[in-house]
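Heads up: the protein sequence lines correspond to chains D and Z, in order. Each number in this note's numbering corresponds to the 1-based position in the first sequence with 668 added. Each number in this note's numbering corresponds to the 1-based position in the second sequence with 633 added.
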Amino acid sequence: MSRTRVVAAIGHALPWAIAVAYFFAAPSDLEFGTQVMIWILFAISLDLTLGYAGILTLGQAAFFGLGAYIAGLFALHVCADPILGHFAAIGVAALFGALTGAMILHTSGVTLLMLTLAIVSMLSQYANRATDLTGGDNGLLGIRLDPIFGVFEFNIFGKTAYVYALVVLFGWFVLAWRIVHSPFGRSLDGIRQNPHRMRAIGTPVWWRLLAIYAISAAMAGSAGALSAHATRFVGLSVLDLLTSGSVTVALILGGTRRLYGGFIGATIYLVVQDYSAKINPFFWEFVVGGLLIATVLLLERGLLDLGPAVLRLRDRWRAGQRK
Amino acid sequence: MLSFGLTVLLDGISYGMILYLISVGLTVTMGLMRVVNLAHGAFAMIGGYVAGFLTQRGCNFYLAALGAAAAAAAIGAATERTIYRPLYRKGELAQVLLTVGFVFVATGAVSEVFGAFPYPVVFPAYLTRPIDIGFREYPAYRLFLIASGAVIALLLWLILDNSLFGARLRAAVDNPRMARAVGINVSLLFTATFVVGCGLAGLGGALGSGILSLEPAYALKYVVLFLVVVIVGGEGSFEGSFVAAMALGVIDTLGKYFVAEAAPYLLYTAAFALLLWRPKGLVPPRSLT
Numbered sequence: 669m670s671r672t673r674v675v676a677a678i679g680h681a682l683p684w685a686i687a688v689a690y691f692f693a694a695p696s697d698l699e700f701g702t703q704v705m706i707w708i709l710f711a712i713s714l715d716l717t718l719g720y721a722g723i724l725t726l727g728q729a730a731f732f733g734l735g736a737y738i739a740g741l742f743a744l745h746v747c748a749d750p751i752l753g754h755f756a757a758i759g760v761a762a763l764f765g766a767l768t769g770a771m772i773l774h775t776s777g778v779t780l781l782m783l784t785l786a787i788v789s790m791l792s793q794y795a796n797r798a799t800d801l802t803g804g805d806n807g808l809l810g811i812r813l814d815p816i817f818g819v820f821e822f823n824i825f826g827k828t829a830y831v832y833a834l835v836v837l838f839g840w841f842v843l844a845w846r847i848v849h850s851p852f853g854r855s856l857d858g859i860r861q862n863p864h865r866m867r868a869i870g871t872p873v874w875w876r877l878l879a880i881y882a883i884s885a886a887m888a889g890s891a892g893a894l895s896a897h898a899t900r901f902v903g904l905s906v907l908d909l910l911t912s913g914s915v916t917v918a919l920i921l922g923g924t925r926r927l928y929g930g931f932i933g934a935t936i937y938l939v940v941q942d943y944s945a946k947i948n949p950f951f952w953e954f955v956v957g958g959l960l961i962a963t964v965l966l967l968e969r970g971l972l973d974l975g976p977a978v979l980r981l982r983d984r985w986r987a988g989q990r991k
Numbered sequence: 634m635l636s637f638g639l640t641v642l643l644d645g646i647s648y649g650m651i652l653y654l655i656s657v658g659l660t661v662t663m664g665l666m667r668v669v670n671l672a673h674g675a676f677a678m679i680g681g682y683v684a685g686f687l688t689q690r691g692c693n694f695y696l697a698a699l700g701a702a703a704a705a706a707a708i709g710a711a712t713e714r715t716i717y718r719p720l721y722r723k724g725e726l727a728q729v730l731l732t733v734g735f736v737f738v739a740t741g742a743v744s745e746v747f748g749a750f751p752y753p754v755v756f757p758a759y760l761t762r763p764i765d766i767g768f769r770e771y772p773a774y775r776l777f778l779i780a781s782g783a784v785i786a787l788l789l790w791l792i793l794d795n796s797l798f799g800a801r802l803r804a805a806v807d808n809p810r811m812a813r814a815v816g817i818n819v820s821l822l823f824t825a826t827f828v829v830g831c832g833l834a835g836l837g838g839a840l841g842s843g844i845l846s847l848e849p850a851y852a853l854k855y856v857v858l859f860l861v862v863v864i865v866g867g868e869g870s871f872e873g874s875f876v877a878a879m880a881l882g883v884i885d886t887l888g889k890y891f892v893a894e895a896a897p898y899l900l901y902t903a904a905f906a907l908l909l910w911r912p913k914g915l916v917p918p919r920s921l922t
């Protein structure tokens, strides 16, 4: 094997190795680890639309929230099996993504952005008012789940939830990897760069966008379901615009169009949130906003680009010296 | 029946005026300067909080409103020179992200300084009373909103369509290189325009706080409304923003009177429908090229 392939293989194995090691190294902090994985999945789902396909959206919370509420309601009213509930959440989120996508994807730019915001706002107002269904401000309480496959029980230490989230994340990651490296994924790249030219060479642009939008919705819904299952609680905040903003921050911090960007971004986002919220409950918004501004101004491709960016600076400096 | 109809209309128009007062600044930055400024709600919020802070300490309401506009304009000037300037050349995504970042910072700062609870602006007593308008009593505050919205709309129209500043601005937006070539200082002009847009947002945030109440979530919560107004009106079209604000204000009010259940969704549904009908907005801006 050549050197680059070895490096690539190590690069691929590293995050998963860390995730497995974390399970044994920090048994008391597994809940935090589970949250990190949920947010990684959420960020990857956004990477597909915002990053690869260039769909300008701040509406990802709609699918996350929908997935969470469906998973919670399914467990409360239909059946306590987590796998079935998870699939129900994925299905509903994908369907909702396809429907709303069909309504908005003919637009682009700011109009599209506004429509995605409008959809989240409507959904969150509905959840806020339909108190019989959602519990309103109190949220969905008293969710009880059967053991996964009838064997692995959800316990207070969160071991089952952690492994469950890791397995789901891995499955979606493999799928996302296959998608972005397929001809379909390449065509999304093209659509982002120049939709008119792609249409001219015969790409069904609208259908491609709709497909990735629905897939991304399913993924975000799955992350929402994981969140509902892991915490056994669903609150209104899952549908908040702030959630949409936060996942965007997580993705951008790590860098778009890398899939692994979400790993770095979501981890840093949650650690920063955790620490700064301990100092002062309002401080984290301040810090996260500042991080976002700094990333956009200084590191266009996210923190994963920090190393290469430093190297570029060094090269430029050296070139300056030689003159 | 007639008087009921007039009441609904007045309610709708006064709500529309508030939407217009704040959104018109966004029309300036987004339509003319092509910056997707999601932080516009943050500037309105800053203005509102400044007005609240001043009036709660006994300052004259009108002075406080001016102070709100000045504060928002000053912060606008500072941010334009530092963080917005590099954005003009970047794509929409970078603009969205950076302005969302600014919203987070503003929200965090406001909650830290003023607390997480609603923060009222103290209106003068005569604005809080209803006054007799012939066929019924009507809140003076809402009439005041209608009047101030009308004055601002008239002023903007005069400035943009009939002044040298307006002509220069339209030229700079249309073809910045050519404008530079004929000796217009485009960068200064853009800064001035952005500052005016932020000042208008601050003013609107202060005046409208009786309807859109001030809280830290303001910046994120209402920016969707302002975006809807600008886009439904037609990006960069002042007439459009006015028409859209009025239409959406009246539709929303009608919803509250007649279909209370569906009222929260009506405004957005109307926006969807209007955009399907006219994808470029109700009154697309006149193309100058």
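C-beta atoms are modelled at their ideal positions from N, C-alpha and C, and glycine is treated no differently.
Item                                                                                                                                                                                                            : Value
For Ala800 (chain Z), which option in Z:Leu720, Z:Thr826, Z:Ala895 and Z:Ala786 has the closest C-alpha, if you only look at C-alpha atoms?                                                                     : Z:Thr826
Would you call the CB atoms of Gly727 (chain D) and Thr784 (chain D) closer than 8 Å?                                                                                                                           : yes
From the DSSP output, in three-state form, read off Phe756 (chain Z) for me.                                                                                                                                    : coil
What is the DSSP secondary structure of Ile686 (chain D), counted as helix, strand or coil?                                                                                                                     : helix
Roughly how many whole angstroms lie between the Cα atoms of Ala721 (chain D) and Val940 (chain D)?                                                                                                             : 29 Å
What do you reckon, are the CB atoms on Ile787 (chain D) and Thr799 (chain D) nearer than 8 Å?                                                                                                                  : no
Find the nearest neighbour of Ile758 (chain D) within the set D:Ser696, D:Arg925 and D:Ser895, judged by alpha-carbon distance.                                                                                 : D:Ser895
Return yes when the Cβ of Gly892 (chain D) is within less than 8 Å of the Cβ of Gly765 (chain D), no when it is not.                                                                                            : no
Enumerate, from N- to C-terminal direction, the unbroken alpha helix (DSSP H) stretches of 4 or more residues contained entirely within the segment 762-836 of chain Z.                                         : 773-795, 797-807 and 809-814
Would you tell me roughly how many angstroms separate the C-alpha atoms of Leu881 (chain D) and Ala945 (chain D), rounded to the nearest one?                                                                   : Strictly speaking, residue 881 (chain D) in this sequence is Tyr, with Leu absent from that position. Spanning the two alpha carbons is a distance of roughly 33 Å.
Label Met678 (chain Z) either buried or exposed according to how many other C-beta atoms from any shown protein chain fall within 10 Å of its C-beta, with 16 as the threshold for buried.                      : buried
Could you give the DSSP three-state label for Val668 (chain Z): helix, strand or coil?                                                                                                                          : coil
Give the residues of chain Z in contact with Ile961 (chain D), contact being defined as C-beta atoms less than 8 Å apart.                                                                                       : Ile716, Leu731, Gly734, Phe735 and Val738
Cβ closer than 8 Å: which chain Z residues qualify as neighbours of Phe954 (chain D)?                                                                                                                           : Phe737, Val738, Gly741, Ala742 and Glu745
How about Val892 (chain Z) and Leu899 (chain Z): are their beta carbons less than 8 Å apart?                                                                                                                    : yes
Classify Asp983 (chain D) as buried or exposed, calling it buried when 16 or more other Cβ atoms lie within 10 Å of its own Cβ.                                                                                 : exposed
Applying a beta-carbon distance threshold of less than 9 Å, which residues of chain D neighbour Ala705 (chain Z)?                                                                                               : Within chain D, no residue comes near Ala705 (chain Z); the closest Cβ sits about 18 Å away, beyond 9 Å.
Helix, strand or coil: which one does DSSP assign to Val831 (chain D)?                                                                                                                                          : helix
May I ask you to report which of helix, strand or coil DSSP gives Ile816 (chain D)?                                                                                                                             : strand
Buried or exposed: where does Asn670 (chain Z) fall if 16 or more other Cβ atoms within 10 Å of its Cβ makes it buried?                                                                                         : buried
Could you please give me the residues that DSSP links to Val902 (chain D) through a beta bridge?                                                                                                                : D:Leu808
Give the single residue among Z:Ile766, Z:Val746 and Z:Pro772 whose Cα lies nearest to the Cα of Ala758 (chain Z).                                                                                              : Z:Pro772
Examine the Cβ distances between the segment 645-657 of chain Z and the segment 834-853 of chain Z and report whether three or more of them are shorter than 8 Å.                                               : yes
So is Glu953 (chain D) buried or exposed if we call it buried at 16+ other beta carbons inside 10 Å?                                                                                                            : buried
The alpha helix (DSSP H) with Ile961 (chain D) in it runs from where to where?                                                                                                                                  : Phe951 to Leu966
Could you check whether the segment 745-757 of chain Z touches the segment 922-929 of chain D, counting it as contact only if at least three pairs of C-beta atoms, one from each stretch, sit closer than 8 Å? : no
Put Gly839 (chain D) into one of helix, strand or coil per three-state DSSP.                                                                                                                                    : helix
Measuring only the C-alpha atoms, how far is Leu813 (chain D) from Phe822 (chain D)?                                                                                                                            : 7 Å
Can you tell me whether DSSP reads Tyr721 (chain Z) as helix, strand or coil?                                                                                                                                   : coil
Quick check: what's the CA-CA separation for Glu699 (chain D) versus Ala833 (chain D)?                                                                                                                          : 11 Å
When we look at the beta-carbon of Tyr717 (chain Z) and count the other beta-carbons within 10 Å, is it buried (16 or more) or exposed?                                                                         : buried
So, for Ala852 (chain Z): in the same chain, excluding its five sequence neighbours on each side, which residues have a beta-carbon less than 6 Å away from its beta-carbon?                                    : Gly674, Ala675, Met678, Val736, Ala739 and Thr740
Excluding the five sequence neighbours on either side, which residues of its own chain have a C-beta within less than 6 Å of the C-beta of Pro637 (chain D), listed in chain order?                             : As displayed, chain D neither begins before 669 nor continues past 991, which places residue 637 (chain D) out of reach and without an answer.
Give the DSSP-derived three-state secondary structure of Thr924 (chain D) in the structure shown.                                                                                                               : coil
Going straight from the alpha carbon of Gly679 (chain D) to that of Met866 (chain D), what length do you get?                                                                                                   : 33 Å
By the three-class DSSP mapping on this structure, what secondary structure does Thr712 (chain Z) have?                                                                                                         : helix
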